[in-house]
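Chemist:
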Amino acid sequence: MAKLREHVSRAIDWFEPKLSLVIHAGALMASFTLPAWAVKSAQVFAQYGAVSWVVAGFAGVLIAVVVRLLWNWATRIGVRAKYDKRFIEHGGDFNPLDLIFEKRRIYLNDFALPSHPYIEGKTFVDCDIIGPANVYWAFGNQANPLRPPVMDAVCLDPGASFTNGFIFQNCIFRNCSFQRITVFAGTEFYPEWKNNKSLNIISVIPSAEQIAQRERLVNPPPAGTSPVIEHVPTGVDPASNEPAKSG
Numbered sequence: 004m005a006k007l008r009e010h011v012s013r014a015i016d017w018f019e020p021k022l023s024l025v026i027h028a029g030a031l032m033a034s035f036t037l038p039a040w041a042v043k044s045a046q047v048f049a050q051y052g053a054v055s056w057v058v059a060g061f062a063g064v065l066i067a068v069v070v071r072l073l074w075n076w077a078t079r080i081g082v083r084a085k086y087d088k089r090f091i092e093h094g095g096d097f098n099p100l101d102l103i104f105e106k107r108r109i110y111l112n113d114f115a116l117p118s119h120p121y122i123e124g125k126t127f128v129d130c131d132i133i134g135p136a137n138v139y140w141a142f143g144n145q146a147n148p149l150r151p152p153v154m155d156a157v158c159l160d161p162g163a164s165f166t167n168g169f170i171f172q173n174c175i176f177r178n179c180s181f182q183r184i185t186v187f188a189g190t191e192f193y194p195e196w197k198n199n200k201s202l203n204i205i206s207v208i209p210s211a212e213q214i215a216q217r218e219r220l221v222n223p224p225p226a227g228t229s230p231v232i233e234h235v236p237t238g239v240d241p242a243s244n245e246p247a248k249s250g
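Take the sequence shown: its position 102, counting from 1, is numbered 105 in my numbering, and each next residue is one higher.
#1: What first and last residue would you give for the alpha helix (DSSP H) that runs through E212?
#2: Secondary structure at N178, three-state DSSP: helix, strand or coil?
#3: Using only alpha-carbon positions, find the residue among F169, A28, S55 that is nearest to A39.
#4: In terms of alpha-carbon separation, which member of P152, N222, I208 lies closest to H193?
#5: What does the alpha-carbon distance come out to for the pair S243 and Q213?
#6: For a test of the three-state rule: what should DSSP assign to T185, helix, strand or coil?
#7: Return the chain-ordered list of same chain residues with a C-beta closer than 7 Å to the C-beta of G143, the five sequence neighbours on each side being excluded.
#8: Do F181 and Q145 come within 8 Å of each other at the CB atom, strictly closer than that value?
#9: Excluding the five sequence neighbours on either side, which residues of its own chain have a C-beta within less than 8 Å of the C-beta of W196, listed in chain order?
#10: Do three or more CB pairs link the stretch 98–107 to the stretch 55–74 at distances below 8 Å?
#11: Only counting the same chain, and skipping five residues up and downstream in sequence, which positions put a Cβ closer than 8 Å to that of A62?
#12: Express the C-alpha separation of I133 and N222 in angstroms, rounding to a whole number.
#13: Work out the CA separation of L102 and C179 for me, nearest whole Å.
#14: Go ahead and pull the three-state DSSP assignment for V11.
#15: Mind checking which residues open and close the alpha helix (DSSP H) that includes E195?
#16: Do you know how far the Cα of S206 is from the Cα of T185?
#17: Out of A59, Y139, K106, which has the shortest C-alpha to C-alpha gap to R150?
#18: On a CA-only basis, which of F169, P20, L22 is nearest L116? Give me that one, please.
#19: Please classify I170: does DSSP put it in a helix, a strand, or coil?
#20: Measure the beta-carbon distance from Q216 to P152 and round it to whole angstroms, keeping in mind my assumption that it falls under 8 Å.
#21: Return yes when the Cβ of V64 is within less than 8 Å of the Cβ of F35, no when it is not.
#22: Please classify G162: does DSSP put it in a helix, a strand, or coil?
#23: Check for me: the beta strand (DSSP E) holding N137 runs from which residue to which?
#24: Determine the burial state of L22: buried for a count of at least 16 other Cβ atoms within 10 Å of its Cβ, exposed for fewer.
#25: May I ask which residues mark the beginning and end of the beta strand (DSSP E) holding R108?
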């Protein structure tokens, strides 16, 4: 019986995406065919002949695509509202709008709205911050000291972006612990984090060039200033700092 259910489940998994593709293709064809047929049958724009049918068909496709996009947008808003409502109804025994939290066990999934995972301007004292969760360490945060356990840390490539997790910004943590949490940050944090015994860096160690690239993005030079150019004496090879050989 278990094998039969497994075979049926596999058959459904194989058939469902193909059925969805057929339905979507059929809907697009219908959105093209029906307006073209209606224009032809009603003799609207008859003076333009077949061109009017084609234009009507593509207009129907365009309208169908716009309707589908609006439907998806409304559905996404409805889903977010549903999860936000569930979060508010079943949240923790604290007000997440407070600015200071002391001696609390805070589950991040009960702390920030699923549709707005930003945590900004909060102060946590003697708290346990609990996941499972991915956290991005933006800027303006302070965390000293940290209590065990050791937290895994990832230094992101300067060209990478963080999209799935919580974001801490301008927050203060005093004697807090982070449990079942992986913290992500830009490479500019590596020089500060590499000797921190409370962090276990599990990503590839960034190069000096990556760190400098990220620092230029975070702290760009003031407008109107020029980059510093080191003066190299005439007749000296910059690579070896020795007199250049003449041809």
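Glycine is no exception: its CB is placed at the ideal position from the N, C-alpha and C atoms.
Modeler: In brief:
#1: First-last of the alpha helix (DSSP H) with E212: 211–221.
#2: DSSP, read as helix, strand or coil, puts N178 in coil.
#3: Measuring from the Cα of A39, the nearest candidate turns out to be S55.
#4: For clarity, residue 193 is Tyr in the given sequence; the question names His instead. Relative to the Cα of Y193, the nearest Cα in the group P152, N222, I208 belongs to I208.
#5: Summary for S243: the model assigns pLDDT 47, below 50, so the residue's position carries little reliability, and this model does not support an answer.
#6: Residue state, collapsed to three classes: strand.
#7: Excluding sequence positions up to five before and after G143, its CB lies within less than 7 Å of the CB of Q172, N173, all in the same chain and listed in chain order.
#8: Inclusion of Q145 and F181 in the CB contact set at 8 Å is not warranted, their separation being larger than that value.
#9: A156, C158, A188, L202, I204, listed in sequence order.
#10: Contact fails: fewer than three Cβ-Cβ distances are below 8 Å.
#11: Cβ neighbours of A62 within its own chain (closer than 8 Å, five residues either side excluded): P38.
#12: Straight through space, the alpha carbons of I133 and N222 are spaced by roughly 32 Å.
#13: Answer to the nearest angstrom: the Cα atoms are 16 Å apart.
#14: DSSP places V11 in helix when its eight states are reduced to three.
#15: From DSSP, the alpha helix (DSSP H) with E195 extends over 193–196.
#16: Spanning the two alpha carbons is a distance of roughly 11 Å.
#17: For R150, the nearest C-alpha among the options comes from K106.
#18: Of F169, P20, L22, the residue nearest in Cα terms is F169.
#19: In the displayed model, I170 falls within a strand according to three-state DSSP.
#20: That belief does not hold up - the Cβ atoms of Q216 and P152 are roughly 32 Å apart, past 8 Å.
#21: Yes, these two residues count as a Cβ contact at 8 Å.
#22: Coil, per DSSP.
#23: Per DSSP, N137 is one residue of the beta strand (DSSP E) stretching across 131–140.
#24: Of the other Cβ atoms in all chains shown, fewer than 16 fall within 10 Å of the Cβ of L22; this residue is therefore exposed.
#25: For R108, the enclosing beta strand (DSSP E) has its first and last residue at 108–110.
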